[in-house]
Every structure is written in structure tokens, then in C-alpha cells.
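Residue numbers (my numbering): 7 to 113.
All C-beta atoms, glycine included, are put in the ideal place defined by N, C-alpha and C.
Remember, predicted model here, so these are calculated numbers, not experimental data.
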């Protein structure tokens, strides 16, 4: 994902956020492109990407996108390369996702 390189983020982290926010499943293909199950419009993807950038890329102090995510023990920190500030960010947690089994048709 070229976008991940630009943001200095691991594709797996971005994928986890997208799949959690969209409430679906998916994976990265051989070329590191996100493959999502379901139908989602470009507007939905754009809103999710903006939410990721605001939460995990942009520095809250100076608004610079030049940041790095670091993990210390169980906490994840957003460290700004511009102003040097460091703040903890929320871990990506998924809500309840129902898994349904298809029932056999009775005859």
C-alpha cells in the first residue's frame, strides 16, 4: 500500500483499523492491497481513512503528519518528529461481530 508508506504505517495496522471500523473481514493480497468483503462506496472508505489519519497519524499538538507509532508494553504512542510531543493513542478494538451459520433447508 503506497498510502501506508506515505503515512509511515504498517499495512497490517491500517487493515485492522479499516476492517474493524467497517465491521467486515478482509485481507491483504500479494501486492499489499486491501481486499474487503462486502460492498462499500468510495465515500465510506474516504471517511474511514480520514478517521484513521486523524487518530493515528496527525499530531494533536502541531498538526504535523510527520509522526511515528511506537509500542511500549501494552500502550501505543504517537510520537511527532516535528515538535517532539508524544501522546498515547487508543488501541484498535473491535466490537461485537456476529458470526452466523447457514442452516440446511428443511425438506
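Does residue i come out as helix, strand or coil in the three-state DSSP assignment?
| i | result |
| --- | --- |
| residue 92 | strand |
| residue 17 | helix |
| residue 99 | coil |
Who pairs with residue i in a beta bridge, going by DSSP?
| i | result |
| --- | --- |
| residue 32 | 42 |
Taking the beta carbon of residue i as the centre, do at least 16 other beta carbons fall within 10 Å, making it buried, or is it exposed?
| i | result |
| --- | --- |
| residue 80 | exposed |
| residue 68 | exposed |
| residue 15 | buried |
| residue 9 | exposed |
| residue 2 | The chain is shown only over 7 to 113; residue 2 falls outside these bounds and no answer can be derived. |
Can you tell me where the beta strand (DSSP E) with residue i in it begins and where it stops?
| i | result |
| --- | --- |
| residue 86 | 81-86 |
| residue 76 | 73-78 |
In terms of residues, what are the limits of the alpha helix (DSSP H) holding residue i?
| i | result |
| --- | --- |
| residue 69 | Per DSSP, residue 69 belongs to no alpha helix (DSSP H) and is neither H nor E. |
| residue 49 | 48-62 |
Query raised in the report: Using 8 Å as the threshold, is the segment 68-76 in touch with the segment 31-41, meaning 3 or more CB pairs across them?
Result: no
Check whether the segment 56-69 touches the segment 18-25, taking contact to mean three or more Cβ pairs, one atom from each stretch, closer than 8 Å. Yes: at least three Cβ pairs fall under 8 Å.
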